[in-house]
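So that you can map any letter, position 226 of the sequence shown is 225 in this note's numbering, and since no number is skipped, the others follow by simple counting. Just below is one structure, and these are the notes that go with it.
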Amino acid sequence: MPQAPASLNSLTDQHMKFITMCKQELGSSNLPMDFDQWTLQQQYDHLVNNTSKYFPNIPESLRFVLPATFEDGDCGRPANERPDWLDMDKFYRGQQFALRYFCSLSISNLMGLLQIFSFADGLKPLILSQKSNTPYRAFKRYLSTISRFRNWYTSDPWCNGTQAYRDIQTVRRLHRTMRKKLCSMSDDRIDLASEIPHIKCPAFKTIAEDFADTCPTAKSRQCPYTMSKMKGLNQGDMSGTQFACMGLIVLYPEQFGVYNASDEDLEAFCHLWRGLGYLLGIEDQYNFCRGSLQDVRQRTEDFIEHWVKPNFRTVTAEWEHMSICLYEGTGDIAYFNSYKVFLLYLCDIFKLNMPRLYISLSLSERIMYVLLKFMFLYLLKLPGVFPIMNAMFHKSLNRAASFGFMEHAKLKKKSSKIVPEFVVMQI
C-alpha cells in the first residue's frame, strides 16, 4: 500500500469528488484489489501518480496539469525570490523579443483568450469578477492587462520599485481575492451567479454548427479542466493562462508576422514567461514554459489539438458573449473589433473549416478579415513595417490610458448599445 506524503494538505471536496468519479468510471476491476481499504489521501496519490495508466487520453506532455488542478494557484513564494534556473540574459532577450513584436504579440494574446474562454468552468471567474462582461468593462480590463504586459517586458519584475514588480504584486492580490471568493461559494452558487442577463450571442448557432462539423470529439478523461469541477484559480488554471499568453506566437510565429525570429529568440521568450509564471506563484513542475523550446511547442500543440479543438464543440452562449465584449472593448485600442474575424483567422491557423461563419461575415468584416491576413502574411515581411505598427499600437495604448471623463462616457454609451450595463446576480 502506498504511503501518503506528509507534505500534502488535507483533501478537499474537489479531491473526494475526483476520487468518486474515478471509481465510477474506472470500475473496481481496474483498480488495486484493496483500493477501497486505503485512505482517501492514498487513493488520490495513487491515481495522480499513475496518470499514464488511468488517464491515457491525456497527452503525455500535459499530464502534469491533472495534479496541478488540485493545487492553490499561488504557491506563496516571496515576491523577489529568484529561481536557480533563471538566466537574466535570456530573460532580457525574451523581453526584447516581446517588445520587437509587441503589436502581434498583443493580438495573439487576445486570440488566446478565445481559446481559454471555451473552458466553461474557467470562464466563470471572469463573469463573476464583473470586469469584462460588457464591452466597456472589457475595455478597462484589457487596457490594464496589455499595459501590465508591456511593463513586464520593459523592466525587472524582481526589482522592488519597478512598475513590473508592482504590477506582479497587484495581479497576485487580485488572484488571491478572486480565489477566496470562489472558495467561499458552492458549485451551485457559482453556476447560478455566472449566468449572464442580457446575454448577446447572435452567431452562436452558426458557430456551434461549424464547430460540430470540424472539431474532433473529446475522448474519455482526456482533459483535466473538464474532468471534474474545479474552482479557486488553481495551478492548472495558471498554467493554462500561460499558454494563452505565449502559445500561439511560439507555435505559429509566421502566422502573426514574426518571420525573422530564431529558435534562440523564441526560447528566450519562453524563458521570459517561465520567469513571469514563477513570479505569479506557479510551482516549477506546473510551469507551462519549463524545458526546451521543443518541449514547450509540443505542450502547446497538444493543448490545442487535444483540449482546445474538442472544447470548441461545447462552447456556450457565455463564450460568445464574453468574446464579443472582449473585441468590442479592445477595438478602441487594436482597431479591429470583430471577434468573428479573429475567430475565423484562428480557425484558419488550426485548419478548422468554418464555412457558415465565413458566410455570416458582413462586407466590412470580410474586408477586415482580408486586411488582417494581408498584414500578417505579407505586409509584416517588409523591412521597417513592424516598428511602425508597434509605434501606432503604443500610441493607441497610451491614448486609451489617458482617456478622461468624456471619453469614458462615450465608450460606456457605445457599450450599452451592444450589451446593457448590468450586475451579475450574487447568490
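Quick reminder that beta carbons are idealized off the backbone N, C-alpha and C, glycines included. Just so it is clear, the structure is predicted and the values come from calculations on it, not from any experiment.
Practice task
Kindly indicate which three-state DSSP category Asp86 falls into: helix, strand or coil?
Solution key: Residue 86 sits at position 87 when you count from the first residue of the sequence shown. Three-state DSSP puts Asp86 in coil, outside helix and strand.
Exercise for the section: Could you check the C-alpha separation between Val340 and Met367 for me, to the nearest Å? Expected result: On the sequence shown, position 341 is the one that residue 340 refers to. On the sequence shown, position 368 is the one that residue 367 refers to. When rounded, the distance between both Cα atoms is 7 Å.
Handout entry: For Thr213 and Lys350, the rounded distance between their alpha carbons
Key = Indexing the sequence shown from 1 puts residue 350 at position 351. Indexing the sequence shown from 1 puts residue 213 at position 214. Between Lys350 and Thr213, the C-alpha separation is close to 9 Å.
Problem - At least three beta-carbon pairs within less than 8 Å, the segment 93 to 113 to the segment 239 to 247 - result: Result yes; three or more Cβ-Cβ pairs closer than 8 Å.
Handout entry: Pro4, buried or exposed, once every other Cβ within 10 Å from all chains shown has been counted against 16
Key = Taking the first residue of the sequence shown as position 1, residue 4 is located at position 5. Confidence at Pro4 is low in this model, with a pLDDT of 40, below 50, so its placement is unreliable and no value can be given for it.
Practice task
May I have the straight-line CA-CA distance separating Val249 from Ile358, to the nearest angstrom?
Solution key: Taking the first residue of the sequence shown as position 1, residue 249 is located at position 250. Taking the first residue of the sequence shown as position 1, residue 358 is located at position 359. Spanning the two alpha carbons is a distance of roughly 31 Å.
Exercise for the section: Quick one: give me the first and last residue of the alpha helix (DSSP H) that Phe375 is part of. Expected result: Position 376 of the sequence shown holds residue 375. Note, Phe375: alpha helix (DSSP H), Leu362 to Leu376.
Problem - Pairwise C-alpha distance: Ser415 and Ile198 - result: What you label residue 198 is simply residue 199 of the sequence shown in a count that begins at 1. What you label residue 415 is simply residue 416 of the sequence shown in a count that begins at 1. Cα to Cα, the separation comes out at about 12 Å.
Handout entry: Nearest-angstrom Cα separation, counted from Met353 out to Ile195
Key = Walking along the sequence shown from the start, residue 195 turns up at place 196. Walking along the sequence shown from the start, residue 353 turns up at place 354. Across the structure, Ile195 and Met353 are spaced so that their CA atoms are roughly 27 Å apart.
Problem - Cβ neighbour criterion (16 or more within 10 Å) applied to Asp187 - result: Within the sequence shown, numbered from 1, the residue matching residue 187 stands at position 188. Exposed, because fewer than 16 other Cβ atoms sit within 10 Å of the Cβ of Asp187.
Exercise for the section: Would you kindly work out how many angstroms separate the C-alpha atoms of Asp301 and Asn56, rounded to a whole number? Expected result: Numbered from 1 along the sequence shown, position 302 holds the residue referred to as residue 301. Numbered from 1 along the sequence shown, position 57 holds the residue referred to as residue 56. Taking the straight line joining both Cα atoms gives about 11 Å.
Exercise for the section: Could you please give me the residues that DSSP links to Asp71 through a beta bridge? Expected result: To locate residue 71, count along the sequence shown from 1; it is residue 72. Looking at the DSSP assignment, Asp71 forms a beta bridge with Asn233.
Handout entry: Cα-Cα separation, Cys74 to Gly160
Key = Counting from one through the sequence shown, the residue named residue 74 turns up at place 75. Counting from one through the sequence shown, the residue named residue 160 turns up at place 161. Going from the Cα of Cys74 to the Cα of Gly160 covers about 23 Å.
Handout entry: Through-space distance from Ser117 to His393, alpha-carbon basis
Key = Position 394 of the sequence shown holds residue 393. Position 118 of the sequence shown holds residue 117. Taking the straight line joining both Cα atoms gives about 29 Å.
Practice task
Check each candidate in Glu24, Pro382 and Leu343 and name the one with the smallest Cα separation from Ala202.
Solution key: Within the sequence shown, residue 202 is the residue found at index 203, counting from 1. Residue Leu343 is the option with its Cα nearest to Ala202.
Exercise for the section: Sort Gly239, Arg172, Leu278 and Asn150 by Cα distance to Gln162 and report the nearest one. Expected result: Here residue 162 refers to the residue found at position 163 of the sequence shown. Checked all of Gly239, Arg172, Leu278 and Asn150; the closest Cα to Gln162 is Asn150.
Problem - Own chain, CB closer than 6 Å to Pro66, minus 5 neighbours either side, in chain order - result: Taking the sequence shown and counting its residues from 1, the one referred to as residue 66 is at position 67. Once the five neighbours on either side are set aside, the close Cβ partners of Pro66 are Val47.
Handout entry: Local conformation of Asn397 per DSSP, three classes
Key = Residue numbering aside, residue 397 sits at position 398 when the sequence shown is read from its first letter. Three-state result, Asn397: helix.
Handout entry: Phe335 - DSSP class collapsed to helix/strand/coil
Key = Mapped onto the sequence shown, residue 335 falls at position 336. Looking at Phe335 - three-state DSSP - the assignment turns out to be coil, as it is neither helix nor strand.
Handout entry: Candidates Leu275, Tyr43, Gln23 and Phe148: closest to Met15 by CA position
Key = For the purposes of this step, residue 15 is identified with residue 16 of the sequence shown, where counting begins at 1. Comparing Cα positions, the closest option is Tyr43.
Handout entry: Residue from Phe311, Met388 and Phe138 with nearest C-alpha to Lys409
Key = Start at 1 with the first residue of the sequence shown, and residue 409 comes out as number 410. Cα-wise, what sits closest to Lys409 is Phe138.
Practice task
Report yes or no: do three or more beta-carbon pairs, one from the segment 70 to 87 and one from the segment 249 to 263, lie closer than 8 Å?
Solution key: no
Practice task
Report the rounded CA-to-CA distance for Thr11 versus Gly72, giving the unit in angstroms.
Solution key: The sequence position of residue 11 within the sequence shown is 12, counting from 1. The sequence position of residue 72 within the sequence shown is 73, counting from 1. In a straight line, the C-alpha of Thr11 is about 15 Å away from that of Gly72.
Exercise for the section: Tell me where the alpha helix (DSSP H) around Ala137 begins and ends. Expected result: Working through the sequence shown from its first residue, we reach residue 137 at position 138. Start and end: Pro134 to Thr153.
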